[in-house]
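Taking it in order: structure first as structure tokens, then the write-up.
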Amino acid sequence: MSTALVTDLAIFVLALLVGIEVIGKVPATLHTPLMSAANSIHGIVLAGALLIGLTAGGVVGYLLAFVASFFAAANVVGGYVVTGRMLKMFRRKAPAAPPAPAKVAVAAGASSDTGNGRRPS
Amino acid sequence: MTSFQAVIQLVYVIAAACFVMGLHLMNSPATARRGNQVSTAGMVIAIAATLVLLIHDGTVKPIGWALLIVGTLLGSAVGLYSARTVKMTAMPQLVSMFNAVGGGAAALVGAYDYIHTEPLAGGVLGTTTVATLLDVIIGSVTFSGSLIAAGKLQGVIGGQPIIFRGSRLVNIVLGVVMVGAAVFMLTTASLPALLVIALAALVFGVLMVLPIGGADMPVVISLLNAFTGTAVAMAGIVINNWALIVAGALVGASGGILTKLMADAMNRSLANIIIGGFGTGDTASVVAGPGGDAQVRSIQADDAAIQLAYASKVIIVPGYGLAAAQAQHAVAELANVLEARGVEVSYAIHPVAGRMPGHMNVLLAEANVPYPQLKEMDEINPEFPRADVALVIGANDVTNPAARRPGSAISGMPILDVDKAKSIIVVKRSMGHGYAGIDNELYVDPKTSMFFSDAKGALTELTAAVKTLVA
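Going line by line, the protein sequences match chains A and B. Take 0 as the starting number for the first sequence in numbering that gives the first Met the number 0 and just add one per residue. Take 0 as the starting number for the second sequence in numbering that gives the first Met the number 0 and just add one per residue.
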């Protein structure tokens with residue numbers, strides 16, 4: 000077993016544990032945005048897709064580079080945009096009759112709820 | 000590792016830290032948007048570092064650059080368009096599609112690495128073969144499985160479990176082919192074997208999701224999400240890229256946790272969902288509820304409106320039926336009218352009230368329901384005894400008190416304690432069964448009144464009736 004592989008496996012296991020710890024604290028209210036956010040994070044595979052370009056020489060390599068970068072870019076861009084769209088809808092107070100600017104609600108929320116995570120009941 | 004590569008790898012560590020921070024900030028709706036921004040920043044850093052690496056290396060040929068740029072731009076356009084236009088009810092399909100392309104890209108990255116290293120002097124490194132195999136297998140299963148899941152959710156493929164004779168045998172054969180070819184590849188570098196494995200995995204993904212019913216989709220999407228994460232992490236090990244490993248592991252953890260939560264909330268083991276459709280073998284478990292021929296009390300809009308309007312605390316229990324009827328705006332309207340009269344309104348949301356984890360919350364948030372009113376099961380259950388009225392709309396099995404007793408198809412399933420409210424109004428089209436196919440004892444409870452109507456019509460009627468009452 001090479002050193003690189005051992006390092007990689009160690010990073011994998013530790014990141015898995017960090018993930019379990021961090022994600023276990025996300026309230027059920029946010030599970031859909033959470034999954035969507037996780038979705039955009041695995042869009043990092045775009046980096047892997049781009050790196051194919053380093054060594055790609057033949058038709059097969061070019062084809063794989065193209066398809067992989069297409070898939071991964073759709074994943075990463077779409078994931079972040081749709082997560083942002085969803086999170087924008089979560090407001091602390093119902094907007095006044097004409098929808099109030101979302102900024103106000105978010106600012107109000109952030110100022111009183113920055114502490115220890117869980118939303119107040 | 001040259002010092003330049005080391006710097007790039009460290010930049011990837013910064014990006015990974017941003018992902019963790021971003022997920023951490025999602026522990027509250029108030030900070031979640033900032034979390035998404037931090038995560039996006041991490042992604043931009045990682046992609047920028049990758050581009051710097053590509054430019055610095057200088058071995059990318061012009062045609063390679065052209066294809067990478069065109070592929071990325073096209074993909075970004077497709078992703079941007081679908082993310083901007085998707086309806087919130089269609090969110091599970093979109094997440095499924097992103098799982099598919101993410102898993103597919105991971106499989107391609109692993110496959111390319113194998114194709115590239117195989118003819119080189121020294122051949123394929125024995126050490127990364129296992130990771131490559133896992134990457135290609137899991138990525139391919141995710142790709143085809145997620146496409147089928149998205150098709151089912153979109154209604155392109157029937158939501159009913161599709162089972163054909165001998166499907167189990169085909170699955171076993173596919174499994175044997177994959178394991179056999181994989182074992183072979185550990186000793187002998189063989190590109191054809193890798194292709195056989197990829198094909199078998201693609202077919203396996205299709206056959207894995209086809210027999211799963213539409214109502215089990217929250218579990219399937221979560222599971223496929225975990226698969227995608229794992230595939231990306233394996234791709235990271237194959238190309239020795241820390242950003243991919245950390246990001247993949249985080250997504251794997253997230254998907255794994257959600258899979259477990261969903262399976263628990265549906266009272267089913269993961270194996271049970273993957274292997275067999277619901278109701279197969281549960282037929283003997285019909286329990287005669289107390290008072291099998293008890294009377295069902297029906298109620299009209301005016302009476303229901305009076306109950307709601309003069310209550311001091313109302314808990315609304317929305318189920319998937321509400322979303323299916325597109326009635327989330329109507330329910331928010333009713334809640335606004337009640338709140339204007341000083342009624343305390345909150346929503347009791349069961350973990351599986353929707354087609355993916357947390358789906359109902361997003362739908363209600365879209366209808367401008369403030370998030371402090373959206374309560375999780377554990378949080379709201381102690382509040383039911385203090386509620387004057389529990390208004391159940393489009394939810395069935397998750398309110399059935401039979402779940403507390405052993406011997407029924409839903410025994411042990413966590414439910415909302417709706418029956419503990421002082422009175423209960425159930426909006427329902429007919430006395431039809433829920434997904435589990437059993438009678439709901441809540442409906443014959445003496446405290447329960449049934450308002451037979453479709454969700455949207457009922458809510459509009461109730462809102463109008465409440466408005467006519469003098470405060």
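C-beta atoms are modelled at their ideal positions from N, C-alpha and C, and glycine is treated no differently. As the structure is a prediction and not an experimental result, all values here were calculated from the model.
Interface with chain B (8 Å Cβ-Cβ cutoff): residue 66 of chain A is included. Within 7 Å of the CB of residue 58 of chain A, no CB atom of chain B is found; the nearest one sits about 10 Å away. Within 7 Å of the CB of residue 82 of chain A, the CB atoms of chain B belong to 35, in sequence order along the chain. Buried is the label assigned to residue 142 of chain B, since at least 16 other Cβ atoms lie within 10 Å of its Cβ. One finds 49, 52, 64, 68 in chain A with Cβ atoms closer than 7 Å to the Cβ of residue 67 of chain B, taken in chain order.
Within the region 23–41 of chain A, those residues whose Cβ lies closer than 9 Å to any Cβ of chain B are, in chain order, 23, 24, 25, 26, 27, 28, 29, 30, 31, 32, 33, 34, 35, 36, 37, 38, 39, 40, 41.
With respect to the 8 Å criterion, residue 245 of chain B and residue 15 of chain B are classified as neighbours on the basis of their beta carbons. One Cα belongs to residue 312 of chain B, the other to residue 49 of chain B, and the distance between them is close to 56 Å. Non-local C-beta neighbours of residue 453 of chain B in its own chain, meaning closer than 7 Å and more than five positions away in sequence, comprise 324, 428, ordered along the chain. In the three-state reduction of the DSSP assignment, residue 419 of chain B falls in the helix class, which pools H, G and I. Annotated as distal: residue 30 of chain A and residue 21 of chain B, with beta-carbon spacing of 8 Å or more. Residue 317 of chain B carries a strand assignment under DSSP once its states are collapsed to helix, strand and coil. Among the bridge pairs identified by DSSP, residue 449 of chain B is matched with B/297, B/425. Unbroken alpha helix (DSSP H) stretches of 4 residues or longer found wholly inside the region 349–373 of chain B: 358–365, given in chain order.
In the same chain as residue 96 of chain B, and ignoring 5 residues on each side of it, the C-beta atoms closer than 6 Å to its own belong to 149, in chain order. For residue 25 of chain A, no beta strand (DSSP E) run applies, since DSSP gives it neither H nor E. Taking a Cβ-Cβ threshold of 8 Å, the residues of chain A close to residue 56 of chain B are 53, in chain order. Secondary structure at residue 53 of chain A: coil, using DSSP grouped into helix, strand and coil. Cα atoms of residue 55 of chain A and residue 18 of chain B: separation of roughly 29 Å, rounded to the nearest angstrom. Closest in C-alpha terms to residue 449 of chain B, from the list B/242, B/99, B/395, comes B/395.
Within the same chain, and ignoring the five residues on either side of residue 224 of chain B in sequence, the residues whose Cβ sits closer than 6 Å to its Cβ are 98, 254.
The three-state secondary structure of residue 390 of chain B, taken from DSSP, is strand.
If you draw a 10 Å sphere on the C-beta of residue 369 of chain B, you find 16 or more other C-beta atoms in it, and that means buried.
Against chain A, a Cβ distance below 7 Å from residue 97 of chain B picks out 38, 74, 77, 78. Fewer than three pairs of CB atoms, one per stretch, sit closer than 8 Å, so the region 20–35 of chain A makes no contact with the region 49–65 of chain B. Residue 112 of chain B counts as buried, since no fewer than 16 other beta carbons sit within 10 angstroms of its beta carbon. Going by beta carbons, residue 397 of chain B and residue 351 of chain B fall inside the 8 Å limit. When the five nearest sequence neighbours on each side are left out, the beta carbons in the same chain lying within less than 7 Å of the beta carbon of residue 360 of chain B are those of 348, 373, in order along the chain. Taking the C-beta atoms as reference points, residue 183 of chain B is found no nearer than 8 Å to residue 140 of chain B. With respect to residue 344 of chain B, residue 383 of chain B sits apart: the two C-beta atoms are not nearer than 8 Å. In the same chain as residue 457 of chain B, and ignoring 5 residues on each side of it, the C-beta atoms closer than 6 Å to its own belong to 426, 450, in chain order.
Minimum Cα-Cα distance from residue 411 of chain B among the listed residues B/320, B/264, B/212, B/51 corresponds to B/264. Chain A has a Cβ within less than 8 Å of the Cβ of residue 38 of chain B. Those residues of the region 194–222 of chain B placed with their C-beta closer than 8 Å to a C-beta in chain A are 220, 221, ordered along the chain. Residues 262 of the same chain have their beta carbon placed closer than 6 Å to that of residue 269 of chain B, with the five preceding and five following residues left out of the count. Within the region 355–373 of chain B, 355, 356, 357, 358, 360, 361, 364, 365, 367, 368, 369, 370, 371, 373 place their CB atoms closer than 8 Å to a CB of chain A, listed in sequence order.
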